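Here's the structure, in structure tokens; my notes come after.
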Amino acid sequence: MAARRLTTFTRDGLVFDVRDEGPLDGAPVVLLHGFPQDSRSWDAVASLLHARGFRTLSPDLRGASPGARPRSRWAYRSTELTDDVVALIAQAGVGPVHLVGHDWGAAAAWWVAGRRPDLVRTLTAVSVPHPTAFARSLLTSRQALLSWYMLVFQLPMAPERLFGDETRARRAFLRGGMTREVADRDLAPMRERSRARGGLNWYRAIPFTPFWRPAERITVPTLYVWSDGDIALGRTAAELTGRYVDGPYRFEVLAGVSHWIPDEAPQRLVDLLVPHLG
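Per the working numbering, numbering of the sequence shown is gapless, rising by one per residue and ending at 1689.
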């Protein structure tokens, strides 16, 4: 069957937008974004991968796609995010794929690689560590203090109002290392209350994730990229992550880079990605 472009995929009545770019016959790389971003956060990385012959599929995930914004926080638990990515791979007909995720997209990538390794050729997690390493770091380091905002996001309505105040929200993201251009790009969609609520529901579903139960160990070849300028994710969890990977594992630290690695250091990231993707 001839390869075809994918513009959307569906699951349980929800419609997800997808950016399918690069050579159709290239090895498929699925790029998963985080919050408060969408698939555009991968633009620079995707362009560099296309030049190396890779095909990229960048979905707007649950909460970001206009047709996939359920109201209930229960609809954003880890099993739902995992099954969304599984549906994308199945409907694109390109599995197994090279799976790359940043921020919440990295969390989803860890879950998919752990639960459905048959669909994953390689895993690359950017910024966010293995879920069990993160949970352990909450008890053994400053990570709980660094993650204060996760508690704030549990509040009803107040976080949505924060994102509705673009001046205050922009100031917060600039302090976290975003450029003004990226902050403006990512905050513009938050003018829609449903978009802000959808992304915040990723955090509000955390209580439905059993962090006391270790997440699946990873058996596929794994690259984990962390940056020492990340104000939200500390070194302890980053260094613990290798304990939960049984397959080939490589840990790389980008010095002087903030949390927003795909936007801030796309070339450095791709230079690590290409030999890993092979």
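Glycine is no exception: its CB is placed at the ideal position from the N, C-alpha and C atoms. In this text, all values refer to a predicted model and were calculated from it rather than measured experimentally.
How big is the Cα-Cα spacing for residue i and residue j?
i	j	result
residue 1623	residue 1599	Reliability of the predicted coordinates at residue 1623 is poor, the pLDDT of 49 falling under 50, and no value is obtained from them.
residue 1677	residue 1463	14 Å
residue 1419	residue 1494	15 Å
residue 1575	residue 1548	32 Å
residue 1584	residue 1674	13 Å
residue 1490	residue 1617	11 Å
residue 1619	residue 1487	9 Å
Counting only the same chain and skipping the five closest in sequence on each side, list residues whose C-beta sits under 6 Å from that of residue i.
i	result
residue 1483	none
residue 1545	1648
residue 1506	1500 and 1530
residue 1656	1629 and 1633
residue 1438	1465
residue 1643	1557 and 1670
What does DSSP give as the partner residues of residue i in its beta bridges?
i	result
residue 1551	None, per the DSSP bridge assignment.
residue 1656	1629
residue 1664	1637
residue 1419	1428
Excluding the 5 residues preceding and the 5 following residue i in the sequence, name in chain order all residues of the same chain whose CB lies nearer than 7 Å to its CB.
i	result
residue 1685	1463
residue 1446	1514, 1515, 1610 and 1613
residue 1432	1457, 1461 and 1467
residue 1451	1596
residue 1658	1629, 1630, 1631, 1632 and 1633
residue 1593	1671 and 1674
Segments assigned beta strand (DSSP E), at least 3 residues, entirely inside the segment 1423 to 1494: Listed in chain order, the complete beta strand (DSSP E) runs (minimum 3 residues) inside the segment 1423 to 1494 are 1425 to 1432, 1439 to 1443 and 1466 to 1470.
Cβ contact (3+ pairs, closer than 8 Å) linking the segment 1424 to 1444 and the segment 1460 to 1479: Touching, yes.
Segment contact flag, the segment 1644 to 1661 with the segment 1528 to 1545, C-beta cutoff 8 Å, min 3 pairs: The way I'd put it, the segment 1644 to 1661 does touch the segment 1528 to 1545; three or more beta-carbon pairs between them come closer than 8 Å.
Segment contact flag, the segment 1423 to 1439 with the segment 1495 to 1507, C-beta cutoff 8 Å, min 3 pairs: Contact holds: three or more Cβ-Cβ distances are below 8 Å.
Any beta strand (DSSP E) of 3 or more consecutive residues that is wholly inside the segment 1497 to 1583: Inside the segment 1497 to 1583, DSSP marks whole beta strand (DSSP E) runs of 3 or more residues at positions 1508 to 1513 and 1531 to 1537, from first to last along the chain.
Segment contact, 8 Å Cβ cut-off, at least three pairs: the segment 1522 to 1536 with the segment 1626 to 1636: Short answer: they touch.
Inter-stretch contact at 8 Å, needing at least 3 Cβ pairs: the segment 1657 to 1672 / the segment 1565 to 1579: With fewer than three CB-CB distances shorter than 8 Å, the segment 1657 to 1672 does not count as touching the segment 1565 to 1579.
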